[in-house]
């Protein structure tokens, strides 16, 4: 094939792949918009530069029924839903087989349900009467300020409870056997910025509500 013809072929092939990927990304976005019409802004990416949706190629390994390793691949779609004063809310759609668009499903994330009890004399919300109590788990489909690490197949969230970020909740979920599994969840319910001169110990205080390693 002449060089010019080869270059044209490669350009068309690349354009076709990009078009197909854009189509799947658009389908994932349409799915999220239909599921959460009150929570997701259809014009977010157009209104704010840098908030475009993203598709990640993902690879992971499973075991066959006889224990033999199997390599799997798929696509994770990151769909930006809405922007608040200091948080961005994101949904994820996962297609375990990258060639099967009909297999797209929104990702659910296990999170601890907990209660907080501040001390009666605490007007600054810097003292707890008791450690946070986990009373179960729930599932969330929208994460706050998340990021995806393709090297570890891990999604990490960081939800600021207010703009200063001195109080927050943060979770980590790793892709295992085609599902995102909760590995770690921590909260900082101490509003130390309410104090004029908080101690370093108070600043560093947080509570691990779940850790898969058991630490």
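Numbering (mature numbering (1 follows the signal peptide of the UniProt record, and there is no 0)), first residue to last: -20 to -1, 1 to 195.
Just so it is clear, CB atoms sit at the ideal spot from N, CA and C, and this is done for glycine as well.
Note that the structure is predicted; figures quoted are calculated from it, not measured.
In DSSP terms, what residue 86 is bridged to: Beta-bridge pairing links residue 86 to 73.
Since residue 131 is in the alpha helix (DSSP H), which residue starts that stretch and which ends it? Note, residue 131: premise wrong, no alpha helix (DSSP H); not H, not E.
To the nearest angstrom, report how far apart residue 96 and residue 188 are at their CA atoms. Residue 96 and residue 188: Cα-Cα distance of roughly 13 Å.
Work out the CA separation of residue 2 and residue 73 for me, nearest whole Å. 14 Å
Within the chosen definition, does the region 49 to 67 reach the region 137 to 151 through at least 3 CB pairs nearer than 8 Å? Touching, yes, given that three or more Cβ pairs across the two stretches are closer than 8 Å.
Residue 68 - DSSP class collapsed to helix/strand/coil: strand
So which of 163, 7 and 126 has the shortest CA-CA distance to residue 192? 163
Tell me whether residue 7 sits in a helix, a strand or coil according to DSSP, three-state version. helix
Same chain only: Cβ atoms within 6 Å of residue 9, ignoring 5 sequence neighbours per side: 33 and 59
Considering Cα atoms alone, identify which of 27, 166 and 98 is closest to residue 138. 166
Can you have a look at residue 54 and say buried or exposed, based on whether 16 or more other CB atoms are within 10 angstroms of its CB? buried
Residue 89 and residue 153: beta carbons closer than 9 Å? yes
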